[in-house]
Amino acid sequence: MQQGMLSSVLLSAFLILGAPSVSATEMQPERAEQWLQSESMHSKVAELLEYVVEDNIDSLNFSLERLALPQQEVVRFLLLQKLEQQNVILTPKMAMFVEEQRAKVPTYQVLERGDGYEFSVPAFDYPAIASRLLKRWKQDQATLDFVMQAERKELLLKDWLKGTDYQVQAREKLLVRELDSLSPEALQFLTGQFTKQGVVSWLPSKAVVVRLAQVSEDPEMYHLLWRMKADQHSKRELNRLASVGDEFAAQQLMDAVANPNLKQTALKELTRIKPMSAEVREFLVARMSSSDEVDFIARQLADQGYSSWLRELANTDKSVKRQAILSVVGN
């Protein structure tokens, strides 16, 4: 986004300019607390918040600079604290104002003493709050950029999920967090980058594939997931699907059985779905015709309270391994 890029350049300029050297003045902690509780200071902050709402940075700076010390530092601290507490969305101009506050050096320090040590900290640590506000603002900008690129169908995941390990992890977390905020069309565009390819030459992390499958409910995304190497992400998804328990979820569990490393987990989760649908019942009965699986499936069904049904099945259906079932549930 051009506006976001311009804002970042302007913000960086403040860092290059550096901060003036200011000598520290000690203040007693009790006095600092009195200032922070002062009604007149809170009244002044309420007045300045109007300039924030209007995005009037010139008036905001002018009003702040007119204040004498230590009132000026108290108000800076309380104003930024209010912006943080109220989760105010920063405009580009307001972000530059906050960057200016981060670059300023607090004048007043309080002495903190402990067991055998003492050190000074800012009495009104507005640079620390400014740093947190800017970190959140950059995250908001990244989120907005992600959503807009996806909605414009410009976001190519293969290129977007590149960079250092930290950058990739940060973007993957953003995607997992914000994916369900996208429109169906944007979501289809992202999943289509994998499901509409004849040969998939690149895949993101398992956490991303799982999230794409969850939010899109695209059978092709799940088909891709079940073909990938099993890990804790795919196994947790099997557990989630069993908890959902609808027809779509049951079908995905049945499809996951095709993965040898997920087979037992998928079968176990299938037996948890209640009430058991006719499709799941037929699927499990067919699997119990195999000597390799009948014992495992029968034990899982018995654990879920299906012992009576298993006895009836063993005595009426010749396709299943009768003796193996009865050895689990008894005669």
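Mapping to this note's numbering: the sequence shown position 94 is 95, numbers consecutive.
C-beta atoms are modelled at their ideal positions from N, C-alpha and C, and glycine is treated no differently.
This one's a predicted model, so the numbers in the text were calculated from it and none came from an experiment.
- How would you label P107, buried or exposed, when you count the other beta carbons within 10 angstroms and need 16 or more for buried? Start at 1 with the first residue of the sequence shown, and residue 107 comes out as number 106. So P107 ends up on the buried side.
- Under the DSSP definition of a beta bridge, which residues are partnered with T26? Counting from 1 along the sequence shown, the entry for residue 26 is found at position 25. Paired residues: Y109.
- Task: Rounded to whole angstroms, what's the CA-CA distance from V23 to V46? Just pull it up for me.
- Result: Taking the sequence shown and counting its residues from 1, one reaches residue 23 at position 22. Taking the sequence shown and counting its residues from 1, one reaches residue 46 at position 45. Any answer about V23 is weak, because its pLDDT of 48 lies below 50 and its placement is not dependable; what the coordinates show is given next. C-alpha separation (whole angstroms): 24 Å.
- Message: Can you list, in chain order, the residues of its chain with a C-beta nearer than 7 Å to that of L112? Leave out the 5 residues immediately preceding and following it.
- Response: Here residue 112 refers to the residue found at position 111 of the sequence shown. E27, E119 and S121.
- Own chain residues within Cβ distance below 6 Å of L180, not counting five before or after: As a working note, residue 180 is residue 179 in the sequence shown. Excluding residues within five positions, the ones whose Cβ falls inside 6 Å are R212 and V216.
- Count the other C-beta atoms from every protein chain shown that fall within 10 angstroms of the C-beta of T165, then say buried if there are 16 or more, exposed otherwise. For the purposes of this step, residue 165 is taken as residue 164 along the sequence shown, with counting starting at 1. So T165 counts as exposed.
- Query: In whole angstroms, what separates the C-alpha of L162 from that of Q73?
  - Reply: For the purposes of this step, residue 162 is identified with residue 161 of the sequence shown, where counting begins at 1. For the purposes of this step, residue 73 is identified with residue 72 of the sequence shown, where counting begins at 1. About 44 Å.
- Item | L242 vs A250 beta-carbon contact at 9 Å | As a first step, residue 242 must be located in the sequence shown, where it is residue number 241. As a first step, residue 250 must be located in the sequence shown, where it is residue number 249. In this structure, A250 lies closer than 9 Å to L242 by Cβ.
- Query: Does DSSP put E173 in a helix, a strand or coil?
  - Reply: Within the sequence shown, residue 173 is the residue found at index 172, counting from 1. Reduced to three states, the DSSP call for E173 is helix.
- Message: I'd like to know if the stretch 35-49 and the stretch 128-138 are in contact, where contact means that at least 3 CB-CB pairs between them fall below 8 Å.
- Response: no
- Item | Inter-residue spacing [alpha-carbon to alpha-carbon] between P205 and E313 | The residue given as residue 205 occupies position 204 in the sequence shown. The residue given as residue 313 occupies position 312 in the sequence shown. Whole-angstrom Cα-Cα distance: 47 Å.
- Query: Which runs of the alpha helix (DSSP H) spanning at least 4 residues fall entirely within the stretch 28-81, listed in chain order?
  - Reply: 30-38, 40-55 and 58-66
- Item | Nearest to D342 (by Cα), restricted to the options L91, M277 and Q198 | The chain is shown from 2 up to 332; residue 342 falls before or after that span and cannot be answered.
- Message: Among the candidates M289, S292, V286 and A231, whose CA atom is the shortest distance from the CA of T266?
- Response: By one-based count along the sequence shown, residue 266 stands at place 265. T266 has its Cα closest to that of A231, out of M289, S292, V286 and A231.
- Item | Expected contact under 8 Å - CB spacing of L271 and V286 to nearest Å | The residue you call residue 271 lines up with position 270 of the sequence shown. The residue you call residue 286 lines up with position 285 of the sequence shown. Actually they are not in contact, since the Cβ atoms of L271 and V286 sit about 12 Å apart, beyond 8 Å.
- Query: Which stretch, first to last residue, makes up the beta strand (DSSP E) that contains V122?
  - Reply: Here residue 122 refers to the residue found at position 121 when the sequence shown is read from its first residue. That run of the beta strand (DSSP E) goes Y118 to P123.
- Determine, using beta carbons only, whether Q252 and K275 come nearer to each other than 9 Å. Taking the first residue of the sequence shown as position 1, residue 252 is located at position 251. Taking the first residue of the sequence shown as position 1, residue 275 is located at position 274. Result no, Cβ atoms of Q252 and K275 do not sit closer than 9 Å.
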